[in-house]
Amino acid sequence: IVVLDCITLWLTNIFFDLEGDVEKSLAKAKEEWNLFKQKNAEVYVITNEIGLGGHPTNSVQIRFTDVQGWMNQYIAKEAETVTLMVSGIPVKIK
26 IVVLDCITLW
36 LTNIFFDLEG
46 DVEKSLAKAK
56 EEWNLFKQKN
66 AEVYVITNEI
76 GLGGHPTNSV
86 QIRFTDVQGW
96 MNQYIAKEAE
106 TVTLMVSGIP
116 VKIK
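At position 4 of the sequence shown (counting the first as 1) the number is 29 in the working numbering, and the numbers step up by one without a gap.
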């Protein structure tokens, strides 16, 4: 069993290592994720849905919010189950 906590922090490191380049960051994250998912393990992924809060006030925040949302979608698309936690209450997405 592997627990990945947290995709947001991991992605933040990639994003800033690549100087906020959206396309390069998303490509690198997908490349690393694809390598990771080849492992024979039961994986639990924790991430943040940062797009549900207030609207970002600067271009760096806007770009990161987009990258985070796209990466969350990428991971969730192949997940067996997806659960959104709202105020400590699990909401089954799929």
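Positions of the beta carbon are idealized from the N, C-alpha and C atoms, including for glycine.
Subject >> Backbone secondary structure at Val107 - three-state DSSP >> reply: Per DSSP, reduced to three states, the secondary structure at Val107 is coil, with no helix or strand assignment.
Original post:
When the Cα atoms are used, what is the spatial distance from Ile32 to Asn65?
Top reply: The C-alpha of Asn65 is placed about 19 Å away from the C-alpha of Ile32.
Original post:
Among all the DSSP beta bridges, which residues are the ones paired with Asp30?
Top reply: The partner list for Asp30 (beta bridge, DSSP) reads Ile71.
Original post:
At what residues does the alpha helix (DSSP H) containing Lys119 begin and finish?
Top reply: Where Lys119 is concerned, there is no enclosing alpha helix (DSSP H), because DSSP gives it neither an H nor an E.
Original post:
Span of the alpha helix (DSSP H) holding Ser50?
Top reply: For Ser50, the enclosing alpha helix (DSSP H) stretches over residues 47-61.
Subject >> Beta-ladder partner(s) of Ile114, from DSSP >> reply: DSSP links Ile114 through a beta bridge to Val111.
**OP:** Could you tell me whether the Cβ atoms of Lys119 and Val111 are closer together than 9 Å?
**Re:** Contact annotation: Lys119 and Val111 have beta-carbon atoms that are not nearer than 9 Å.
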